[in-house]
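Here's the structure we're looking at; comments come further down.
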Amino acid sequence: MCGRRGGGRAAGLLRWCTLLSGLVESLFFTGMVFGWASLVFVLKADGYFAGHCANATGEGNYAAAAAAPYTDCSGQDEHLSWVLSVASISNTIIRFPIGYVFDRCGTTVTRLIAIFLYTASTLTISLSNAETSMLLYPAVSCLIISGGLLYVTNAQVGNLFDSYRSTVITIYNGAFDSSAVVFLIVKLLYERGVSLRSSFLFLTSCSVLLILRTIFLMPRGHIPYPPPENYTYGVSCPGRRRGKREEEEEGKEEIKEADGKKNLQEDRAEDDGTSALQLIKKTQHDTKQEEVASFRSCVLSWLFLWHLVWCVTIIFCHFIFLSTVNPTLTRLANNDQTLVSHYTNAFALIQLCGVLYAPMSGLIMDRHKRRPLAPGETKREADLCSSTLALFLTSLQCFLFFLCFTVPVLPLQYITFILHAVNSAFFYGGHQAFVSMAFPMTHFGKISGVALSVSALALLLQFPVLHLIQHKLLGDPLYVHVGVTLVSLLAFIHPAHVSLYCSKLTKQRKTQQKGSVQFSARC
Numbered sequence: 003m004c005g006r007r008g009g010g011r012a013a014g015l016l017r018w019c020t021l022l023s024g025l026v027e028s029l030f031f032t033g034m035v036f037g038w039a040s041l042v043f044v045l046k047a048d049g050y051f052a053g054h055c056a057n058a059t060g061e062g063n064y065a066a067a068a069a070a071p072y073t074d075c076s077g078q079d080e081h082l083s084w085v086l087s088v089a090s091i092s093n094t095i096i097r098f099p100i101g102y103v104f105d106r107c108g109t110t111v112t113r114l115i116a117i118f119l120y121t122a123s124t125l126t127i128s129l130s131n132a133e134t135s136m137l138l139y140p141a142v143s144c145l146i147i148s149g150g151l152l153y154v155t156n157a158q159v160g161n162l163f164d165s166y167r168s169t170v171i172t173i174y175n176g177a178f179d180s181s182a183v184v185f186l187i188v189k190l191l192y193e194r195g196v197s198l199r200s201s202f203l204f205l206t207s208c209s210v211l212l213i214l215r216t217i218f219l220m221p222r223g224h225i226p227y228p229p230p231e232n233y234t235y236g237v238s239c240p241g242r243r244r245g246k247r248e249e250e251e252e253g254k255e256e257i258k259e260a261d262g263k264k265n266l267q268e269d270r271a272e273d274d275g276t277s278a279l280q281l282i283k284k285t286q287h288d289t290k291q292e293e294v295a296s297f298r299s300c301v302l303s304w305l306f307l308w309h310l311v312w313c314v315t316i317i318f319c320h321f322i323f324l325s326t327v328n329p330t331l332t333r334l335a336n337n338d339q340t341l342v343s344h345y346t347n348a349f350a351l352i353q354l355c356g357v358l359y360a361p362m363s364g365l366i367m368d369r370h371k372r373r374p375l376a377p378g379e380t381k382r383e384a385d386l387c388s389s390t391l392a393l394f395l396t397s398l399q400c401f402l403f404f405l406c407f408t409v410p411v412l413p414l415q416y417i418t419f420i421l422h423a424v425n426s427a428f429f430y431g432g433h434q435a436f437v438s439m440a441f442p443m444t445h446f447g448k449i450s451g452v453a454l455s456v457s458a459l460a461l462l463l464q465f466p467v468l469h470l471i472q473h474k475l476l477g478d479p480l481y482v483h484v485g486v487t488l489v490s491l492l493a494f495i496h497p498a499h500v501s502l503y504c505s506k507l508t509k510q511r512k513t514q515q516k517g518s519v520q521f522s523a524r525c
């Protein structure tokens, strides 16, 4: 029976169901494209793009091409790398429009778009074959876009758990990375006789679960931060729904309570000898502080611009790695496919562990919430200062993982895989958490999206880079990897700037406390 007495308990249960179901969704439906190396192994075995191998028995003869003992399949590797490159660029370009849709239309509309793209992509892959290899380009693009959309809608679940907000976001990100295990499962099933088509038809049928969660366990609009007491969402029993009249009465009560507080404040002001003019000035000052910064001012701030450089640098390193890891392993293993399969499985299993160490970044960001705020310190200032360490560690991981990838020693790639998985977990969770704490929540989707959309410009460099490796460097990526390792050093600028910005805020706060002229720092 629905009633007010059980409302708090029901709301708590709803929040935990949302959290746990979102974790399962993130683990199996969002970042499966990060397991691309495992899927590439299956696609090669099925003869996708095999007609581009140098020793194909006949142009367009895919079945014969797949069975022939080729000595050079760089053309096949190049096309498979391009599939991921096109998908990653499409994903980043569309993030800003989708972020706008999320901010404007809410969670349900955004998730329905994601579910449509997910269903279309998995169904297309299940119906494709070696003769229709080109279908992989739109299919994988839709798959990676749908995963990103689902993750964005899940990131707001952190708002339901104030003290562990960043931790929840990074846990979801770890599950997002661990979703790469889906393609590993597809690979292992393929080796045991389950066709690629059967696996993807099953994944297509799972879209029903996404629809059910959208209806019952997610809000139609957005999850506010912080959420009101007994905040609820989704489909609930009629007894729990509040009518318009009840909401109006509640609103009147809130207005009366606010008026009462205001009168009490005025009485205290009169007792303390405070003039009405001073009280008006104080009210105006408080109103200005509550004003939300415009989207334009946020995007043009130095805080966002250096965060953008940070995102572009790390995303570029990650996708260059994912695009070249399979041919690099093949080259280091002297074309021993058994050894390549072993390292591919190891990479996927290490990615699966992302859900375990991803919360480390969130715990680092949330560590300050166990202590009270300093006098005059705002919640935003405390969050930003706490994020500096996580941003620095993320930049350091990016540099180290690509440095290990650059060294042409096959056993060292185990360390590369571990560092890449940790860095991926830190980066995506850190990106969403930083945007949520540094900028107003009303612009969360747009700001998060525009950072990733602009990254598409850098990802366009993948095509000349991959062309350079295949045609100018004869498949040896050493010099390119050295260059990318040096580029990764740009990521350290962002944590340095945030640290300086926090120092500036602290200095201003102390100056204000001493009675000096008040002023506010710009990003």
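Quick note, the sequence shown lines up with residues 3 to 525 if you use our numbering.
Cβ atoms here follow ideal geometry from the backbone N, Cα and C, with glycine treated the same way.
{"Check": "Under the three-state DSSP convention, the category Ala12 falls into", "Outcome": "helix"}
{"Check": "Ser87 and Ser299 closer than 8 Å at C-beta", "Outcome": "no"}
{"Check": "Environment of Ala376 [buried if 16+ CB atoms lie within 10 Å]", "Outcome": "exposed"}
{"Check": "Every unbroken alpha helix (DSSP H) inside the stretch 365-426 [4 residues or more]", "Outcome": "381-408"}
{"Check": "Check whether Tyr227 and Met443 have beta carbons under 8 Å apart", "Outcome": "yes"}
{"Check": "Among Leu307, His445, Cys504, the one whose alpha carbon lies nearest that of Phe104", "Outcome": "His445"}
{"Check": "Three-way DSSP call (helix, strand, coil) for Ser197 in this model", "Outcome": "coil"}
{"Check": "Pair within 8 Å by beta-carbon distance, Val184 and Phe30", "Outcome": "yes"}
{"Check": "Three-state secondary structure (DSSP) of Thr94", "Outcome": "helix"}
{"Check": "For Arg97, the nearest candidate out of His496, Trp84, Ser148, Ser76 (CA to CA)", "Outcome": "Ser148"}
{"Check": "Classification of His309 by the beta-carbon crowding that lies within 10 angstroms, buried from 16 upward", "Outcome": "buried"}
{"Check": "Three-state secondary structure (DSSP) of His224", "Outcome": "coil"}
{"Check": "Distance, Cys387 Cα to Cys504 Cα", "Outcome": "6 Å"}
{"Check": "Endpoints, alpha helix (DSSP H) assigned at Ser501", "Outcome": "495-515"}
{"Check": "Element boundaries [alpha helix (DSSP H), containing Val311]", "Outcome": "304-334"}
{"Check": "C-alpha distance - Thr206 paired with Phe436, whole-angstrom precision", "Outcome": "33 Å"}
{"Check": "Helix, strand or coil at Ser209 according to DSSP, with G and I counted as helix", "Outcome": "helix"}
{"Check": "Given Leu365 as reference, the closest of Thr134, Asp164, Leu488, Ser40 once Cα atoms are compared", "Outcome": "Asp164"}
{"Check": "Where Ser165 sits in the DSSP three-state scheme", "Outcome": "helix"}
{"Check": "Residue range of the alpha helix (DSSP H) that includes Phe118", "Outcome": "109-129"}
{"Check": "For Ala47 and Asn328, the rounded distance between their alpha carbons", "Outcome": "14 Å"}
{"Check": "Sequence-distant residues of the same chain with beta carbon closer than 8 Å to Tyr430, five excluded per side", "Outcome": "Tyr153, Asn175, Phe178, Asp179"}
{"Check": "Cutoff 7 Å; reference Arg17; Cβ partners in own chain excluding five residues on either side", "Outcome": "Leu162"}
{"Check": "Boundaries (first-last residue) of the alpha helix (DSSP H) holding Ala157", "Outcome": "138-157"}
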